[in-house]
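Residue numbers (my numbering): 315 to 697. In what follows, a single structure is set out as C-alpha coordinates and then discussed.
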Amino acid sequence: MARDTVSINKIALLATGDEIVNGDILNTNSQEIAYRLLSEGIHVGTHMIVADHIAEIEKAITFLLKDHSALIITGGLGPTSDDLTRFALSNAIQRPLVFDENTWQHIIERLKRFGYDTPPLSNRQQALFPEGASIIPNSNGTAAGCLLTHHLQLIFMLPGPPVECLPMFEKICLPQLIQSGLQEIIYHKHWFLFGVSEGQIAEELDALAKPYDCTTGYRLCYPYIEFKLHSSRKQDFNLLVPQIERVIQPYLIGDGSETASSLLQKELQKLTFTLSIQDVATGGLLETLLKTPATYTYLKFDASPNDAPHVVIKGLNEFWQNVPNTAQTQLEIDFPHAKKKNSICAKIPFRGFRVKHYAAEFICWKIIDFLKEFSTKYETEKR
(Lines of atoms letter the chains of each structure in order from A; the text may use other names.)
(Lines give C-alpha, C1' and ligand atoms only; values in the text may rest on other atoms or scores of the structure.)
Protein backbone atom coordinates (compact mmCIF):
# COMPACT_ATOMS: atom_id res chain seq x y z
CA MET A 315 0.00 0.00 0.00
CA ALA A 316 1.41 3.37 -0.97
CA ARG A 317 1.62 5.99 1.75
CA ASP A 318 -0.01 9.38 1.62
CA THR A 319 3.02 11.61 1.01
CA VAL A 320 1.28 14.97 0.70
CA SER A 321 2.82 16.29 3.92
CA ILE A 322 6.30 14.94 3.24
CA ASN A 323 9.05 17.33 2.16
CA LYS A 324 10.04 16.24 -1.32
CA ILE A 325 12.91 16.90 -3.70
CA ALA A 326 12.54 17.74 -7.40
CA LEU A 327 15.11 16.61 -9.97
CA LEU A 328 15.47 18.62 -13.18
CA ALA A 329 17.78 17.42 -15.96
CA THR A 330 18.48 19.67 -18.94
CA GLY A 331 19.80 18.81 -22.38
CA ASP A 332 18.64 18.18 -25.93
CA GLU A 333 20.62 14.94 -25.92
CA ILE A 334 18.49 13.55 -23.07
CA VAL A 335 15.17 14.81 -24.47
CA ASN A 336 16.00 13.34 -27.89
CA GLY A 337 17.01 9.98 -26.44
CA ASP A 338 20.65 10.18 -27.49
CA ILE A 339 21.79 9.44 -23.92
CA LEU A 340 20.15 8.15 -20.75
CA ASN A 341 19.44 10.37 -17.77
CA THR A 342 21.60 8.30 -15.42
CA ASN A 343 22.29 11.20 -13.04
CA SER A 344 18.68 11.45 -11.91
CA GLN A 345 18.44 7.69 -11.54
CA GLU A 346 21.49 7.51 -9.27
CA ILE A 347 20.60 10.66 -7.32
CA ALA A 348 17.04 9.45 -6.67
CA TYR A 349 18.32 6.07 -5.52
CA ARG A 350 20.79 7.65 -3.11
CA LEU A 351 18.21 10.09 -1.76
CA LEU A 352 15.68 7.37 -1.02
CA SER A 353 18.35 5.22 0.63
CA GLU A 354 18.89 8.13 3.03
CA GLY A 355 15.19 8.59 3.69
CA ILE A 356 14.76 11.65 1.48
CA HIS A 357 11.73 11.56 -0.81
CA VAL A 358 11.82 12.53 -4.48
CA GLY A 359 8.57 14.03 -5.69
CA THR A 360 9.16 14.79 -9.37
CA HIS A 361 11.63 14.04 -12.17
CA MET A 362 11.62 16.39 -15.14
CA ILE A 363 13.68 16.70 -18.32
CA VAL A 364 13.74 19.79 -20.53
CA ALA A 365 15.58 20.75 -23.70
CA ASP A 366 18.28 23.41 -23.98
CA HIS A 367 15.87 26.35 -24.29
CA ILE A 368 16.17 29.08 -21.70
CA ALA A 369 12.42 29.75 -21.51
CA GLU A 370 11.64 26.05 -21.02
CA ILE A 371 14.27 25.64 -18.30
CA GLU A 372 13.05 28.78 -16.54
CA LYS A 373 9.44 27.58 -16.70
CA ALA A 374 10.41 24.16 -15.31
CA ILE A 375 12.33 25.70 -12.39
CA THR A 376 9.40 27.96 -11.49
CA PHE A 377 6.96 25.05 -11.67
CA LEU A 378 9.06 22.69 -9.54
CA LEU A 379 9.75 25.25 -6.83
CA LYS A 380 6.00 25.59 -6.18
CA ASP A 381 5.62 22.15 -4.60
CA HIS A 382 9.07 20.97 -3.49
CA SER A 383 11.38 21.77 -0.62
CA ALA A 384 14.53 21.45 -2.72
CA LEU A 385 15.53 21.35 -6.37
CA ILE A 386 18.55 19.64 -7.93
CA ILE A 387 19.33 20.78 -11.49
CA THR A 388 21.82 18.83 -13.61
CA GLY A 389 23.32 19.81 -16.95
CA GLY A 390 23.79 22.95 -18.98
CA LEU A 391 26.81 24.38 -17.13
CA GLY A 392 29.34 24.13 -19.95
CA PRO A 393 30.97 26.93 -21.99
CA THR A 394 28.88 26.67 -25.17
CA SER A 395 25.89 28.63 -26.44
CA ASP A 396 23.44 25.85 -25.55
CA ASP A 397 24.56 25.74 -21.89
CA LEU A 398 21.79 27.91 -20.50
CA THR A 399 20.95 26.58 -17.03
CA ARG A 400 22.62 29.36 -15.02
CA PHE A 401 20.84 32.03 -17.07
CA ALA A 402 17.47 30.33 -16.69
CA LEU A 403 17.93 29.94 -12.93
CA SER A 404 18.91 33.60 -12.63
CA ASN A 405 15.70 34.61 -14.42
CA ALA A 406 13.49 32.21 -12.47
CA ILE A 407 14.57 33.37 -9.00
CA GLN A 408 15.29 36.96 -10.09
CA ARG A 409 18.87 37.05 -8.91
CA PRO A 410 21.64 38.53 -11.08
CA LEU A 411 24.60 36.41 -12.10
CA VAL A 412 27.85 37.32 -10.39
CA PHE A 413 31.34 36.51 -11.68
CA ASP A 414 33.39 34.35 -9.28
CA GLU A 415 37.12 34.99 -9.67
CA ASN A 416 38.21 31.86 -7.76
CA THR A 417 36.21 29.65 -10.09
CA TRP A 418 37.70 31.42 -13.11
CA GLN A 419 41.23 30.84 -11.82
CA HIS A 420 40.43 27.15 -11.34
CA ILE A 421 39.22 26.98 -14.95
CA ILE A 422 42.39 28.69 -16.21
CA GLU A 423 44.66 26.33 -14.25
CA ARG A 424 42.79 23.23 -15.37
CA LEU A 425 42.79 24.22 -19.04
CA LYS A 426 46.50 25.04 -18.88
CA ARG A 427 47.16 21.47 -17.76
CA PHE A 428 45.50 20.37 -20.98
CA GLY A 429 47.57 22.69 -23.16
CA TYR A 430 45.40 25.83 -23.34
CA ASP A 431 47.64 28.80 -22.51
CA THR A 432 44.78 31.23 -23.06
CA PRO A 433 41.35 29.81 -22.15
CA PRO A 434 38.57 30.63 -24.62
CA LEU A 435 36.44 33.58 -23.53
CA SER A 436 33.38 31.34 -23.72
CA ASN A 437 34.62 29.56 -20.59
CA ARG A 438 34.08 32.73 -18.57
CA GLN A 439 30.37 32.00 -18.39
CA GLN A 440 31.25 28.97 -16.25
CA ALA A 441 32.29 31.39 -13.50
CA LEU A 442 28.86 33.06 -13.36
CA PHE A 443 26.54 32.15 -10.48
CA PRO A 444 23.34 33.60 -8.98
CA GLU A 445 24.03 36.23 -6.37
CA GLY A 446 24.46 34.72 -2.90
CA ALA A 447 25.25 31.22 -4.14
CA SER A 448 27.91 29.02 -2.54
CA ILE A 449 30.25 27.43 -5.07
CA ILE A 450 30.55 23.63 -5.31
CA PRO A 451 34.05 22.88 -6.68
CA ASN A 452 34.44 20.39 -9.50
CA SER A 453 37.64 18.36 -9.24
CA ASN A 454 36.90 16.48 -12.47
CA GLY A 455 36.08 19.32 -14.86
CA THR A 456 35.71 23.06 -15.43
CA ALA A 457 31.99 23.31 -14.60
CA ALA A 458 31.65 24.21 -10.94
CA GLY A 459 28.23 23.85 -9.35
CA CYS A 460 26.51 25.91 -6.71
CA LEU A 461 23.94 25.81 -3.94
CA LEU A 462 21.69 28.56 -2.68
CA THR A 463 18.60 29.13 -0.58
CA HIS A 464 15.58 30.78 -2.16
CA HIS A 465 12.46 31.36 -0.03
CA LEU A 466 13.69 28.64 2.38
CA GLN A 467 14.10 26.21 -0.52
CA LEU A 468 17.46 24.64 -1.34
CA ILE A 469 18.56 24.81 -4.97
CA PHE A 470 21.55 22.90 -6.32
CA MET A 471 23.06 23.37 -9.77
CA LEU A 472 25.37 20.56 -10.96
CA PRO A 473 27.15 19.74 -14.24
CA GLY A 474 25.80 17.07 -16.56
CA PRO A 475 28.63 14.51 -17.01
CA PRO A 476 28.07 11.80 -14.37
CA VAL A 477 31.79 11.60 -13.54
CA GLU A 478 31.55 15.24 -12.44
CA CYS A 479 27.96 15.46 -11.21
CA LEU A 480 27.73 12.42 -8.94
CA PRO A 481 30.86 13.01 -6.82
CA MET A 482 29.73 16.62 -6.24
CA PHE A 483 26.27 15.41 -5.26
CA GLU A 484 27.70 12.82 -2.87
CA LYS A 485 30.19 15.17 -1.24
CA ILE A 486 28.14 18.37 -0.94
CA CYS A 487 24.47 18.02 -1.88
CA LEU A 488 23.53 14.87 0.02
CA PRO A 489 25.06 15.97 3.36
CA GLN A 490 23.43 19.40 2.95
CA LEU A 491 20.01 17.85 2.35
CA ILE A 492 20.40 15.58 5.37
CA GLN A 493 21.37 18.53 7.57
CA SER A 494 18.39 20.55 6.32
CA GLY A 495 15.90 18.27 8.05
CA LEU A 496 14.48 16.66 4.91
CA GLN A 497 15.57 13.20 6.01
CA GLU A 498 13.03 10.72 7.33
CA ILE A 499 13.94 7.38 8.89
CA ILE A 500 13.18 4.78 6.23
CA TYR A 501 13.23 1.02 6.66
CA HIS A 502 13.80 -0.67 3.36
CA LYS A 503 14.75 -4.02 1.91
CA HIS A 504 14.92 -5.52 -1.54
CA TRP A 505 15.04 -9.01 -2.97
CA PHE A 506 15.95 -10.36 -6.42
CA LEU A 507 13.34 -12.93 -7.47
CA PHE A 508 14.37 -15.54 -10.03
CA GLY A 509 12.05 -17.76 -12.04
CA VAL A 510 8.84 -15.80 -11.51
CA SER A 511 7.20 -12.89 -13.32
CA GLU A 512 5.80 -9.72 -11.79
CA GLY A 513 2.32 -10.72 -12.91
CA GLN A 514 2.59 -14.04 -11.08
CA ILE A 515 3.72 -12.64 -7.73
CA ALA A 516 2.70 -8.98 -7.41
CA GLU A 517 -0.96 -9.49 -6.52
CA GLU A 518 -0.11 -11.79 -3.59
CA LEU A 519 2.65 -9.54 -2.25
CA ASP A 520 0.55 -6.39 -2.54
CA ALA A 521 -2.30 -8.12 -0.69
CA LEU A 522 0.09 -8.99 2.14
CA ALA A 523 1.30 -5.39 2.35
CA LYS A 524 -2.15 -3.78 2.21
CA PRO A 525 -2.88 -3.77 5.99
CA TYR A 526 0.50 -2.18 6.74
CA ASP A 527 1.92 1.30 6.28
CA CYS A 528 4.45 0.04 3.72
CA THR A 529 5.15 0.71 0.06
CA THR A 530 5.91 -2.06 -2.42
CA GLY A 531 7.78 -1.63 -5.69
CA TYR A 532 8.85 -3.79 -8.61
CA ARG A 533 11.61 -3.44 -11.18
CA LEU A 534 12.37 -5.75 -14.08
CA CYS A 535 16.09 -6.48 -14.37
CA TYR A 536 15.85 -9.62 -16.47
CA PRO A 537 16.01 -12.42 -15.59
CA TYR A 538 15.14 -11.09 -12.14
CA ILE A 539 12.27 -9.13 -10.68
CA GLU A 540 13.58 -6.80 -8.00
CA PHE A 541 10.97 -6.48 -5.27
CA LYS A 542 11.33 -3.50 -2.93
CA LEU A 543 9.69 -2.75 0.40
CA HIS A 544 9.81 0.64 2.15
CA SER A 545 8.27 1.99 5.32
CA SER A 546 8.80 4.74 7.86
CA ARG A 547 7.18 2.58 10.52
CA LYS A 548 9.53 0.06 12.06
CA GLN A 549 6.82 -2.11 13.60
CA ASP A 550 4.85 -2.45 10.37
CA PHE A 551 8.04 -3.18 8.43
CA ASN A 552 9.23 -5.85 10.88
CA LEU A 553 5.83 -7.56 10.91
CA LEU A 554 5.56 -7.65 7.12
CA VAL A 555 9.07 -8.79 6.15
CA PRO A 556 8.74 -12.41 7.46
CA GLN A 557 5.39 -12.78 5.69
CA ILE A 558 6.91 -11.55 2.44
CA GLU A 559 9.91 -13.87 2.72
CA ARG A 560 7.71 -16.94 3.24
CA VAL A 561 6.03 -16.24 -0.10
CA ILE A 562 9.15 -15.38 -2.11
CA GLN A 563 11.45 -18.05 -0.64
CA PRO A 564 11.16 -20.40 -3.68
CA TYR A 565 12.43 -17.61 -5.94
CA LEU A 566 15.46 -16.52 -3.91
CA ILE A 567 19.08 -17.38 -4.61
CA GLY A 568 20.86 -17.16 -1.27
CA ASP A 569 19.10 -14.50 0.77
CA GLY A 570 17.95 -12.75 -2.40
CA SER A 571 19.94 -9.57 -1.83
CA GLU A 572 22.27 -10.25 -4.79
CA THR A 573 22.13 -11.76 -8.23
CA ALA A 574 23.61 -15.22 -8.68
CA SER A 575 26.50 -13.85 -10.76
CA SER A 576 27.42 -11.30 -8.07
CA LEU A 577 27.19 -13.98 -5.39
CA LEU A 578 29.35 -16.37 -7.42
CA GLN A 579 32.02 -13.70 -7.89
CA LYS A 580 32.35 -13.53 -4.11
CA GLU A 581 32.36 -17.31 -3.72
CA LEU A 582 35.12 -17.67 -6.32
CA GLN A 583 37.41 -15.43 -4.27
CA LYS A 584 37.20 -17.90 -1.37
CA LEU A 585 38.48 -20.84 -3.43
CA THR A 586 41.79 -22.56 -2.78
CA PHE A 587 41.72 -24.11 -6.26
CA THR A 588 40.96 -23.07 -9.85
CA LEU A 589 37.55 -23.72 -11.36
CA SER A 590 37.59 -24.64 -15.05
CA ILE A 591 34.55 -23.94 -17.20
CA GLN A 592 33.80 -25.09 -20.73
CA ASP A 593 30.94 -22.90 -21.94
CA VAL A 594 29.49 -23.55 -25.38
CA ALA A 595 26.07 -22.13 -24.55
CA THR A 596 26.19 -18.45 -23.55
CA GLY A 597 28.54 -17.14 -26.24
CA GLY A 598 31.02 -15.71 -23.73
CA LEU A 599 28.43 -13.93 -21.56
CA LEU A 600 29.18 -16.12 -18.54
CA GLU A 601 32.88 -15.30 -18.76
CA THR A 602 32.09 -11.59 -19.09
CA LEU A 603 29.94 -11.71 -15.94
CA LEU A 604 32.42 -13.64 -13.82
CA LYS A 605 35.90 -12.59 -14.88
CA THR A 606 37.13 -9.58 -12.94
CA PRO A 607 40.56 -8.61 -11.60
CA ALA A 608 39.46 -10.12 -8.27
CA THR A 609 38.29 -13.48 -9.70
CA TYR A 610 40.68 -13.90 -12.62
CA THR A 611 43.10 -16.27 -10.88
CA TYR A 612 40.31 -18.61 -9.74
CA LEU A 613 38.79 -19.16 -13.19
CA LYS A 614 39.78 -20.93 -16.36
CA PHE A 615 37.49 -20.86 -19.39
CA ASP A 616 39.30 -23.34 -21.63
CA ALA A 617 38.60 -26.43 -19.56
CA SER A 618 39.92 -29.84 -20.55
CA PRO A 619 38.50 -33.19 -19.36
CA ASN A 620 41.50 -33.61 -17.06
CA ASP A 621 40.88 -30.41 -15.11
CA ALA A 622 39.43 -30.88 -11.65
CA PRO A 623 37.04 -29.45 -10.91
CA HIS A 624 35.47 -28.41 -14.16
CA VAL A 625 32.02 -27.58 -15.48
CA VAL A 626 30.72 -28.28 -18.98
CA ILE A 627 27.84 -26.14 -20.25
CA LYS A 628 25.86 -26.85 -23.43
CA GLY A 629 22.51 -25.94 -24.90
CA LEU A 630 20.44 -22.97 -26.09
CA ASN A 631 20.34 -24.64 -29.51
CA GLU A 632 17.08 -22.94 -30.46
CA PHE A 633 18.72 -19.57 -29.90
CA TRP A 634 21.89 -20.27 -31.86
CA GLN A 635 19.96 -21.96 -34.68
CA ASN A 636 17.49 -19.05 -34.79
CA VAL A 637 14.45 -21.29 -34.39
CA PRO A 638 11.26 -19.14 -34.49
CA ASN A 639 8.18 -19.39 -32.25
CA THR A 640 9.88 -21.28 -29.45
CA ALA A 641 8.78 -20.83 -25.83
CA GLN A 642 11.56 -22.85 -24.19
CA THR A 643 15.07 -24.08 -24.81
CA GLN A 644 17.24 -26.65 -23.06
CA LEU A 645 20.31 -25.93 -20.96
CA GLU A 646 22.73 -28.68 -19.91
CA ILE A 647 25.25 -28.32 -17.07
CA ASP A 648 27.61 -31.18 -16.31
CA PHE A 649 29.71 -31.46 -13.15
CA PRO A 650 32.03 -34.44 -13.70
CA HIS A 651 33.55 -34.14 -10.21
CA ALA A 652 30.34 -33.85 -8.21
CA LYS A 653 29.53 -36.54 -5.64
CA LYS A 654 25.84 -36.82 -6.38
CA LYS A 655 23.85 -36.15 -9.53
CA ASN A 656 26.45 -34.81 -11.90
CA SER A 657 24.34 -33.24 -14.62
CA ILE A 658 21.43 -30.85 -14.89
CA CYS A 659 19.10 -30.63 -17.88
CA ALA A 660 16.71 -27.73 -17.54
CA LYS A 661 14.06 -26.21 -19.75
CA ILE A 662 14.35 -22.43 -19.50
CA PRO A 663 12.21 -19.61 -20.97
CA PHE A 664 13.21 -18.52 -24.47
CA ARG A 665 12.85 -14.73 -24.67
CA GLY A 666 15.01 -14.00 -27.69
CA PHE A 667 18.53 -12.73 -26.96
CA ARG A 668 17.63 -12.43 -23.27
CA VAL A 669 17.76 -16.21 -22.97
CA LYS A 670 21.54 -15.92 -22.61
CA HIS A 671 21.12 -13.74 -19.53
CA TYR A 672 18.65 -16.16 -17.98
CA ALA A 673 20.98 -19.07 -18.73
CA ALA A 674 24.04 -17.31 -17.31
CA GLU A 675 22.32 -16.53 -13.99
CA PHE A 676 20.88 -20.06 -13.78
CA ILE A 677 24.36 -21.50 -14.39
CA CYS A 678 25.88 -19.28 -11.69
CA TRP A 679 23.24 -20.47 -9.23
CA LYS A 680 24.04 -24.13 -9.91
CA ILE A 681 27.81 -23.57 -9.79
CA ILE A 682 27.39 -22.00 -6.33
CA ASP A 683 25.66 -25.18 -5.13
CA PHE A 684 28.37 -27.33 -6.72
CA LEU A 685 31.20 -25.34 -5.16
CA LYS A 686 29.75 -25.73 -1.68
CA GLU A 687 29.89 -29.50 -2.06
CA PHE A 688 33.21 -29.70 -3.89
CA SER A 689 35.02 -27.28 -1.56
CA THR A 690 34.11 -29.46 1.43
CA LYS A 691 35.32 -32.57 -0.40
CA TYR A 692 38.51 -30.84 -1.55
CA GLU A 693 39.45 -29.61 1.92
CA THR A 694 38.75 -33.06 3.43
CA GLU A 695 41.00 -34.79 0.88
CA LYS A 696 43.79 -32.26 1.51
CA ARG A 697 43.86 -33.24 5.16
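Glycine residues also receive a C-beta, built at the ideal position from the N, C-alpha and C atoms. Since this is a predicted model, take the numbers as computed values, not measurements.
- For the stretch 456-525, the full-length beta strand (DSSP E) segments reaching 3 residues or more read 459-464, 467-472 and 501-508 along the chain.
- The beta carbon of arginine 400 sits closer than 8 Å to those of Gly390, Leu391, Leu411, Gln439, Leu442, Phe443, Pro444 and Met471, all from its chain and outside the five residues before and after it, given in chain order.
- Between leucine 613 and alanine 673, the gap from beta carbon to beta carbon reaches 8 Å or more.
- Just so you know, the alpha carbons of proline 650 and valine 625 end up roughly 7 Å apart.
- Distance from glycine 455 to glutamate 478 at the Cβ level is roughly 4 Å; contact confirmed, criterion being Cβ atoms closer than 8 Å.
- By the neighbour-count definition (other C-beta atoms within 10 Å, threshold 16), proline 537 is a buried residue.
- In this structure, Trp505 is the residue among Gly509, Gln549 and Trp505 with its C-alpha nearest to the C-alpha of threonine 530.
- DSSP, read as helix, strand or coil, puts aspartate 396 in coil.
- The Cβ atoms of isoleucine 558 and leucine 522 lie closer than 8 Å to each other.
- The beta carbon of threonine 606 lies closer than 8 Å to those of Gln579 in the same chain, with the five residues before and after it left out.
- Annotation: the continuous beta strand (DSSP E) that includes serine 545 extends over 538-545.
- Here phenylalanine 676 is buried, its C-beta having at least 16 other C-beta atoms within 10 Å.
- With the rule of 3 Cβ pairs closer than 8 Å, the stretch 364-372 counts as touching the stretch 323-338.
- If you ignore the 5 residues before and after asparagine 323, its C-beta comes within less than 6 Å of the C-beta of Ser383 and Leu496, all in its own chain and listed in chain order.
- Residue environment analysis places aspartate 397 among the buried positions, since at least 16 neighbouring C-beta atoms fall within 10 angstroms of its C-beta.
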